[in-house]
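Participant: Numbering (my numbering), first residue to last: -3 to 69. In this text, a Cβ means the ideal position worked out from N, Cα and C, and glycines have one as well. Here you go, one structure.
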């Protein structure tokens, strides 16, 4: 393809998309209903949640006990 052909094709696409994007809104917009979004999520069987929360709580309790013992001395 020559450069002039590419430029002509580009100009045709430009005109097409300008017309497409600048056309007036439809007088009868579609009646689209929102879907139900309350999805069932099983948080009881999430093994990564229970293991990380138990390890973080044990580390925080040990750090708090060590800080309290150091402050009393």
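(1) Would you give the residue range spanned by the alpha helix (DSSP H) that residue 37 belongs to?
(2) In the structure shown, what three-state DSSP assignment does residue 28 receive?
(3) At the level of alpha carbons, what is the spacing between residue 11 and residue 19?
(4) For residue -2 and residue 22, what's the separation of their Cα atoms in angstroms?
(5) Between which two residues does the alpha helix (DSSP H) harbouring residue 8 extend?
Facilitator: In short:
(1) Position 41 of the chain shown, counting from 1, holds the residue named residue 37. No alpha helix (DSSP H) contains residue 37, which DSSP labels as neither H nor E.
(2) Sequence index remark: in the chain shown, residue 28 carries index 32 (1-based). Residue 28: coil per DSSP, three-state reduction.
(3) Against the chain shown, residue 11 aligns to sequence position 15. Against the chain shown, residue 19 aligns to sequence position 23. Approximately 12 angstroms between the Cα atoms of the pair.
(4) To locate residue -2, count along the chain shown from 1; it is residue 2. To locate residue 22, count along the chain shown from 1; it is residue 26. Distance between the alpha carbons of residue -2 and residue 22: 39 angstroms.
(5) The residue you call residue 8 lines up with position 12 of the chain shown. Start and end: -1 to 17.
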